[in-house]
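S.K.: Going by UniProt numbering, the sequence shown opens with residue 1, and the numbers climb by one from there.
Next up is a structure, given as structure tokens.
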Amino acid sequence: MNEISFVASASDDGAVYKCSASSVMTSETMEKSVTLSVLYSPSSTTIKAPKEAKPGDVITASCKTERSNPAAEITWVVDGQPMNSENIIEPDAKGGWITTSKIKINVTE
């Protein structure tokens, strides 16, 4: 029996592994394949928001994750209070998912 052993990484997500077997007893080649799904968390998140604001301003802050599988969930907490926000999940060209969330904040005195 032949075995392959490796440490999977995010780049292996979606990789197809195929084995083929043949015999002098038949002209048919038997094949089986499996698609590998690698689960991984985002390597980082980025927050973009104005660094300064004045009372009465409405600012928008955004949070974006690096790719992950499954998609990450973003939760906002401002001054200890959870904020309602929508997670926008998009597929990444290299596999996995990018999650983005935005909130609006009314600046008070």
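Where is the CB? At the ideal position from N, CA and C, for every residue including glycine.
Keep in mind the model is a prediction, meaning the values are calculated, not measured.
1) Which value, in whole angstroms, describes the spacing of the CA atoms of Ile-89 and Ala-53?
2) Can you check whether the CB of Thr-75 is closer than 7 Å to the CB of residue 172?
3) Report yes if the CB atom of Ser-41 is closer than 7 Å to the CB atom of Ser-9, and no otherwise.
4) Along the beta strand (DSSP E) that carries Ser-62, what are the first and last residues, could you check?
5) Using the C-alpha atoms, what's the distance from Asp-57 back to Ile-103?
6) For Val-77, tell me which candidate among Ala-61, Ser-27, Asp-92, Pro-91 has the shortest Cα-Cα distance.
7) With a threshold of 6 Å on Cβ separation, who are the neighbours of Ile-59 within its own chain once the five nearest residues in sequence on each side are excluded?
8) With burial defined as no fewer than 16 other Cβ atoms inside 10 Å of the residue's Cβ, what is the status of Thr-99: buried or exposed?
9) Just list the residues that DSSP pairs Lys-32 with in beta bridges.
M.R.: Considering the structure as presented:
1) Taking the straight line from one Cα to the other gives about 29 Å.
2) Residue numbering for the chain in the displayed model covers 1 to 109; residue 172 lies beyond these limits and cannot be assessed.
3) Against a cut-off of 7 Å, the Cβ pair of Ser-9 and Ser-41 comes out as no contact.
4) From DSSP, the beta strand (DSSP E) with Ser-62 extends over 58-65.
5) So the alpha carbons of these two residues sit roughly 14 Å apart.
6) Out of Ala-61, Ser-27, Asp-92, Pro-91, Ala-61 has the C-alpha closest to the C-alpha of Val-77.
7) For Ile-59, where only same-chain residues beyond five positions count, the Cβ hits under 6 Å are Pro-50, Ala-53, Ile-105.
8) So Thr-99 counts as buried.
9) Partner(s): Cys-19.
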